[in-house]
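Okay, structure first, notes after.
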Amino acid sequence: MVISEMDAAQVAAYFRGKNILITGATGFLGKVLLEKILRIQPDVTRLFLLVRATDDESARQRVQTEVTGREIFQVLREKHGKGFEDFIEEKVCPLAGDVMYEDFGLDTAKLKEVSKVVDIIVNGAATTNFYERYDVSFDTNVLGAKQICALANKCTKLKMLLHVSTAYVCGEQEGLILEKPFMMGDTLREGTHLDIESELNLIKHTQMELKANCATDKAERKTMKELGLKRARHFGWPNTYVFTKAMGEMLLGHLRGDLPVVVIRPSIITSILKEPLPGWMEGVRTIDSVFLGYAKQALKFFLVDPNTIMDVIPGDMVVNSMMVAMLAHSEEQAQTIYHVTSSMSNPASYTTLRESAHRYFVDNPPRGENGEPIQLKEMRFFSTVARLRMYMVIKYKLPLEILHLVNVGLCGVFSGRYNELSGKYRLAMHLIELYAPYTLFKGRFDDMNLEKLRKAMEQNSDGGEYYFDFDPKKINWDDYFYMVHFPGVLNYLA
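Converting from the sequence shown to the working numbering requires adding 4 to each position, the first position being numbered 1.
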């Protein structure tokens, strides 16, 4: 792969006069991308945002509330002052639709307008819940990729289709994980073959059976969630999310034809490092739920080997790499995979996270509802699932069994309490199973393609007023967690 030298001014100039269709704009990464384009290139022609809504007016209201009304747009808002709303009205065009439908559910006139002018499509729409219903996850993450390709092939001016995936489509592989595409039928378990059409038929058949048996909504939800997890694990993936994202990549590669396609695979995305608002983020990630649980003393233990590498990357670095990749591969009839990760370039261990958190709370002790400082007790870490299971049995399961015996002896006096605690125990064990593949992950993501992209930019590193850095080697993780990320988590997520 040969990439021509670029500089930051060229990247900014690339978006001048462009019409860009973005799916997933209401998500964290979508907002960061949208804000960055509008801030560095006010002469972008139009940004079409596909959002789930009943009509275009509802879509417009949703964008105002969930996207342009958020804190991340405050720099842009201050820049334009009273003209901000007019600027957004001129540049942003919300579209009511859904990636799972043919032509995104757009009417003929709107489809014709979009397909005639769109230069770039960014597909960031995804269902990211690890334990999502199989049908829901399949609709967005798999069929969505199919519909994206179909629409892209109707866009007569299209120069680039960029698809946001996840580095963890690799499953639980160990060692060096390469930036290579999936082929149709690929699986992560030897002796199995994946047929996407058969998976769709299985979903439809299961839905028909549930309907025929007059299943309740709760029963249907449970069945479809368990089906997704069962199918994912059958083929070697740890959960429904990464399984369906892998299938989406397969379809994209299979159906793209001559379309210029870039697949971005970020690892765990964290808060903004530098611009426009350091520390800003939305949506609690795994590491943030641990941090918040520790701050409130609601989480007393966690499944993680402190010596394992925690592959994280700030959200603005992901977006910077996306924008540079769009220029680098514009009108190039090929597919390129990028791991936007840190485990090879600048690995950070969970020990770094723990020590940074400890130092942060020593200097900034959390306070309870009465305003008094909370006495923080050290969190206990378990480096294997077996050790944590044993701890859970001794600490929680045995007392539960004793409570059960007492409850039987007292004719069900404690039934409510037993059921409540038993439910919490089952949920905790379920979450342990879901998160273990990530907190105990042993792989390292090769980023040779991304390194070539970085080097093409480094030749002309003086960006002037523009900033497109995506090199994790420049991050001091301890400083980032202490000075930027932890304050951001407490400010925006707590």
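C-beta atoms are modelled at their ideal positions from N, C-alpha and C, and glycine is treated no differently. Treat the numbers as computed from the prediction; the structure is a model and nothing was measured.
Span of the beta strand (DSSP E), counted from its first residue to its last, around residue i
i      : result
CYS97  : 96–100
ARG384 : 384–386
HIS167 : 164–168
LEU307 : 305–307
VAL493 : Premise fails: VAL493 lies in the alpha helix (DSSP H), 490–496, not in any beta strand (DSSP E).
ASN127 : 124–127
Sheet register partners of residue i (DSSP bridge)
i      : result
PHE449 : ILE181
GLN339 : VAL265
SER353 : ILE313
ILE41  : For ILE41, which the question treats as bridged, DSSP gives no partner whatsoever.
PHE485 : The partner list for PHE485 (beta bridge, DSSP) is empty, contrary to what the question assumes.
VAL344 : PRO270
PRO403 : None; PRO403 has no bridge partner.
ARG371 : PRO377
Assumed close pair residue i, residue j - CB separation to whole angstroms, cut-off 8 angstroms
i      : j      : result
LEU303 : MET383 : 7 angstroms
VAL67  : LEU53  : 6 angstroms
LEU162 : ALA171 : Actually they are not in contact, since the Cβ atoms of LEU162 and ALA171 sit about 26 angstroms apart, beyond 8 angstroms.
ILE291 : ASP320 : With 8 angstroms as the limit, ILE291 and ASP320 do not qualify as a contact, their Cβ atoms being about 17 angstroms apart.
PHE32  : ILE273 : 7 angstroms
ALA299 : PRO370 : 5 angstroms
ILE24  : LEU51  : 5 angstroms
THR27  : VAL103 : 5 angstroms
LEU198 : SER325 : About 29 angstroms; that fails the 8 angstroms criterion.
THR345 : ASP473 : Contact flag wrong, Cβ pair sits at about 15 angstroms.
Environment of residue i [buried if 16+ CB atoms lie within 10 Å]
i      : result
LEU402 : exposed
TYR342 : buried
GLN45  : buried
PRO98  : buried
ARG20  : exposed
THR220 : exposed
ALA154 : exposed
ASP11  : buried
GLN65  : exposed
TYR439 : buried
ARG137 : buried
GLU183 : buried
ASP262 : exposed
GLY189 : exposed
LYS35  : buried
LEU192 : buried
CYS174 : buried
GLU89  : exposed
GLN151 : buried
LEU166 : buried
GLU203 : buried
ARG430 : exposed
THR58  : exposed
LEU409 : exposed
ILE398 : exposed
ASP367 : exposed
HIS489 : buried
TYR105 : exposed
ARG391 : exposed
Residue i, enclosing alpha helix (DSSP H) - first and last residue
i      : result
ILE276 : First-last for ILE276: undefined, no H or E at that position.
THR27  : That residue, THR27, is in no alpha helix (DSSP H); its beta strand (DSSP E) goes 23–27.
LEU115 : 112–121
ARG50  : Where ARG50 is concerned, there is no enclosing alpha helix (DSSP H), although the beta strand (DSSP E) it sits in stretches over 50–55.
GLU82  : 78–84
VAL328 : 319–332
ASP60  : 60–70
GLU213 : 200–216
ARG393 : 389–396
CYS153 : 148–156
ASP473 : ASP473 -> no alpha helix (DSSP H), and no H or E assigned at all.
VAL506 : There is simply no residue 506 to check, as the chain begins at 5 and stops at 498 in what is shown.
Proximity test, residue i beta-carbon vs the ligand NAP heavy atom, cut-off 7 angstroms
i      : result
GLU253 : Looking for the ligand NAP in the displayed structure turns up nothing, as the structure carries no ligands at all.
* To do: Give a yes or no on contact between the region 8–28 and the region 324–335, applying the rule of three or more CB pairs nearer than 8 angstroms.
  => yes
* Evaluate the contact criterion for the region 309–320 versus the region 243–251: three or more CB pairs, one atom per stretch, below 8 angstroms. => no
* To do: Pair every Cβ in the region 33–40 with every Cβ in the region 58–78, then say whether three or more of these pairs are closer than 8 angstroms.
  => yes
* Asked: Hey, is the region 349–358 in contact with the region 473–483, meaning 3+ C-beta pairs nearer than 8 angstroms?
  -> yes
* the region 126–142 in contact with the region 223–240 per 3-pair CB rule at 8 angstroms -> yes
* Evaluate the contact criterion for the region 87–94 versus the region 105–121: three or more CB pairs, one atom per stretch, below 8 angstroms. => no
* Three or more C-beta pairs below 8 angstroms linking the region 248–261 and the region 143–153 -> yes
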